[in-house]
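Be aware that the sequence shown starts at 3, since it is given in my numbering, and climbs by one per residue. For every residue, glycine included, the Cβ atom is placed at its ideal position computed from N, Cα and C.
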Amino acid sequence: TYKGPGTTVTIKPSAEGITVLGVQGNLLCVHRISPLKGQKIILTDHKRDKSTAIAEMMESFAAMMPDHDAALAWIKIVKDSKPRYIRDQVQSLVETVSTLELQVTAATLEYCVAHGINGAADFKAVSAKLQGQSKKRETKVIRMNPLGGGRIAGADIQPDRSDIADYDDLLEKF
Numbered sequence: 003t004y005k006g007p008g009t010t011v012t013i014k015p016s017a018e019g020i021t022v023l024g025v026q027g028n029l030l031c032v033h034r035i036s037p038l039k040g041q042k043i044i045l046t047d048h049k050r051d052k053s054t055a056i057a058e059m060m061e062s063f064a065a066m067m068p069d070h071d072a073a074l075a076w077i078k079i080v081k082d083s084k085p086r087y088i089r090d091q092v093q094s095l096v097e098t099v100s101t102l103e104l105q106v107t108a109a110t111l112e113y114c115v116a117h118g119i120n121g122a123a124d125f126k127a128v129s130a131k132l133q134g135q136s137k138k139r140e141t142k143v144i145r146m147n148p149l150g151g152g153r154i155a156g157a158d159i160q161p162d163r164s165d166i167a168d169y170d171d172l173l174e175k176f
């Protein structure tokens, strides 16, 4: 409904909170009033991507996975366990899977199904753990041989020497 700078709305207090009306008087939204002073009045629902249906989002997530059928069955379990937050769950899962390698994705899904893990945050944590295990830790070997090979620049420099008599003279003065 927002059209950019210069857009006009009417704000009216009501029993439910603050009512925001469009130019024609149509209801745009209702925000509840915070009992605290200086708080922003925000509905996070406006930030969500509502362009695609949840079923399509679930299908697109399953299409990203190596085992489409297992992924679709698992995402339906996630929907059953968290029906109110399924959109957020699927968006988080898509974001996580898009950064993973296929074998890590498959192993993560298999682990989550086997252990009854039904959430995007846990899926992300499992994938991070499995991705860390899949990377080979290479030991960096630095070859050092100070006795062989060419000479090191500055190795032949001799420091200046002081005469002990100079120190004796200084100590006698005090």
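If you draw a straight line from the alpha carbon of residue i to that of residue j, how long is it in whole angstroms?
i: residue 39; j: residue 92; result: 35 Å
i: residue 158; j: residue 142; result: 30 Å
i: residue 43; j: residue 135; result: 44 Å
i: residue 125; j: residue 58; result: 20 Å
i: residue 8; j: residue 26; result: 15 Å
i: residue 180; j: residue 162; result: The chain is shown only over 3 to 176; residue 180 falls outside these bounds and no answer can be derived.
i: residue 60; j: residue 104; result: 18 Å
When we look at the beta-carbon of residue i and count the other beta-carbons within 10 Å, is it buried (16 or more) or exposed?
i: residue 129; result: buried
i: residue 101; result: exposed
i: residue 176; result: exposed
i: residue 64; result: buried
Would you kindly check if the distance between the Cβ of residue j and the Cβ of residue i is under 8 Å?
i: residue 95; j: residue 127; result: no
i: residue 56; j: residue 13; result: no
i: residue 62; j: residue 120; result: no
i: residue 133; j: residue 99; result: no
i: residue 24; j: residue 32; result: no
i: residue 11; j: residue 29; result: no
i: residue 2; j: residue 108; result: Residue coverage of the chain in this structure runs from 3 to 176, which leaves residue 2 outside it and unanswerable.
Next item on the list: Flag this pair as touching only if the stretch 25 to 41 and the stretch 78 to 87 have three or more C-beta atom pairs under 8 Å; answer yes or no.
Entry: no
Check: Within the chosen definition, does the stretch 64 to 73 reach the stretch 107 to 114 through at least 3 CB pairs nearer than 8 Å?
Finding: yes
Checklist line | Contained alpha helix (DSSP H) runs [length at least 4] in the stretch 66 to 148, N- to C-terminal order | finding: 70 to 83, 88 to 99, 104 to 117, 122 to 136
Notebook entry, point to check: Curious, which full-length beta strand (DSSP E) runs of at least 3 residues does the stretch 15 to 42 contain?
Noted result: 20 to 23, 29 to 33
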